[in-house]
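Heads up, the thing below is written out as structure tokens.
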Amino acid sequence: MQRRVRAGFNFLAPFYDFFSFLFFGNSILNSQKFLLQELKKCKNVLVLGGGSGKLLMELIKRDVAEQCCYVDISNKMIALAKKRLEKEFSKKIKSVNFICGSVNDIDEKQKFDLIITPYILDCITQENLSPILQQLKSHLLPNGKWLFIDFNIPKNSNAKPFSFARVRIMYFGFNIICGLGIKQLPDFEKEFLKLNFLAEHENYFLREFQVARIYKKTEG
Ligand SMILES: C[S@@+](CC[C@H](N)C(=O)[O-])C[C@H]1O[C@@H](n2cnc3c(N)ncnc32)[C@H](O)[C@@H]1O
Numbered sequence: 020m021q022r023r024v025r026a027g028f029n030f031l032a033p034f035y036d037f038f039s040f041l042f043f044g045n046s047i048l049n050s051q052k053f054l055l056q057e058l059k060k061c062k063n064v065l066v067l068g069g070g071s072g073k074l075l076m077e078l079i080k081r082d083v084a085e086q087c088c089y090v091d092i093s094n095k096m097i098a099l100a101k102k103r104l105e106k107e108f109s110k111k112i113k114s115v116n117f118i119c120g121s122v123n124d125i126d127e128k129q130k131f132d133l134i135i136t137p138y139i140l141d142c143i144t145q146e147n148l149s150p151i152l153q154q155l156k157s158h159l160l161p162n163g164k165w166l167f168i169d170f171n172i173p174k175n176s177n178a179k180p181f182s183f184a185r186v187r188i189m190y191f192g193f194n195i196i197c198g199l200g201i202k203q204l205p206d207f208e209k210e211f212l213k214l215n216f217l218a219e220h221e222n223y224f225l226r227e228f229q230v231a232r233i234y235k236k237t238e239g
């Protein structure tokens, strides 16, 4: 399963940014950048599923963290992110630890004061989502923050059917290429609530089709 997902994202990697821009314009990156202004500089940030590195450049430019652990299942995505970093911020190479893998490949003892999940949790099946969120939570320091950015089905607006159809089409494509085996967007809000996270900041983009939230733990 993991192998199939990796092969799919490896295949997509060279065109990913192009298609992302074609379908969503700048909103994918804008939604990831928007709430960065609410975060204080931290020591250690974990970026899971960062992709080709656009967000990473933004984190470095804004000096969001001293150290970054950048985890992605696709070696091609990691290579693109590394190349970008070398080109744009060569002096910062040592501040980023690239891991080609997933949550299980992060050192169990490693703790972060910020976790960022940019459009990655939608790639996790419903049955794996809770354990993965739980695992990520165990890496978060007690006062740590979690910047969550992903797709969203608006609850009450008339954009709901349109968003629903968009998600179905997206999953149709990703299921063929990456074998994700997912049909519906999980209820992320409910999942974070189950883990006792509280949203401190929230913003919607593209007629509520995208959401960014900063979560904090409500217990240790
Ligand atoms: C939909 S793309 C989003 C990329 C980037 N964050 C963006 O917004 O443009 C999902 C990314 O997560 C990675 N990914 C998918 N499943 C993963 C997993 N289980 N663990 C780690 N990375 C994963 C993919 O390789 C890909 O780079």
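Quick note, the sequence shown lines up with residues 20 to 239 if you use our numbering. Just so it is clear, CB atoms sit at the ideal spot from N, CA and C, and this is done for glycine as well.
Measuring only from the beta carbon, is asparagine 45 closer than 7 Å to any heavy atom that is part of ligand 2? The ligand content of the structure shown is limited to ligand 1, which means ligand 2 is not among them.
Looking only at its own chain, which residues have a Cβ that is under 6 Å from the Cβ of asparagine 116, when we skip the five neighbours before and after it? Residue 116 sits at position 97 when you count from the first residue of the sequence shown. Cβ within range, chain order: Cys88.
Which ranges would you report for the beta strand (DSSP E) in the stretch 68-114 if only whole runs of at least 3 residues count? Runs found: 84-91.
Taking the C-alpha atoms as reference points, what is the distance between asparagine 194 and arginine 22? Start at 1 with the first residue of the sequence shown, and residue 194 comes out as number 175. Start at 1 with the first residue of the sequence shown, and residue 22 comes out as number 3. Cα-Cα distance, rounded: 14 Å.
Length of the line joining the Cα atoms of valine 186 and phenylalanine 170: The residue given as residue 186 occupies position 167 in the sequence shown. The residue given as residue 170 occupies position 151 in the sequence shown. Straight-line Cα distance between these residues: approximately 8 Å.
Just checking my contact of leucine 159 with lysine 73 at CB under 8 Å: how many whole Å lie between their CB atoms? On the sequence shown, residue 159 is found 140 positions in, with the first residue counted as 1. On the sequence shown, residue 73 is found 54 positions in, with the first residue counted as 1. Your pair leucine 159 and lysine 73 does not check out as a contact, with CB atoms roughly 24 Å apart and the cut at 8 Å.
First and last residue of the uninterrupted beta strand (DSSP E) at aspartate 169: For the purposes of this step, residue 169 is identified with residue 150 of the sequence shown, where counting begins at 1. If you look at aspartate 169, you'll find it in the beta strand (DSSP E) that goes 159-170.
Determine, using beta-carbon pairs with one atom in the stretch 42-51 and one in the stretch 94-112, whether at least three such pairs fall under 8 Å. No, the stretch 42-51 is not in contact with the stretch 94-112.
In the DSSP assignment, the alpha helix (DSSP H) including asparagine 175 goes from what residue to what residue? As a working mapping, residue 175 is identified with position 156 in the sequence shown. In the DSSP assignment, asparagine 175 falls outside any alpha helix (DSSP H), carrying neither H nor E.
Rounded to whole angstroms, what's the CA-CA distance from isoleucine 79 to leucine 31? Just pull it up for me. Taking the first residue of the sequence shown as position 1, residue 79 is located at position 60. Taking the first residue of the sequence shown as position 1, residue 31 is located at position 12. Cα to Cα, isoleucine 79 sits roughly 25 Å from leucine 31.
Beta-carbon within less than 6 Å of alanine 218's beta-carbon, same chain only, minus the 5 sequence neighbours each way: which residues are those? Here residue 218 refers to the residue found at position 199 when the sequence shown is read from its first residue. Only Arg232 and Tyr234 meet the Cβ criterion.
Looking at the structure shown, is proline 137 part of a helix, part of a strand, or coil, going by DSSP? Taking the first residue of the sequence shown as position 1, residue 137 is located at position 118. It is a strand residue.
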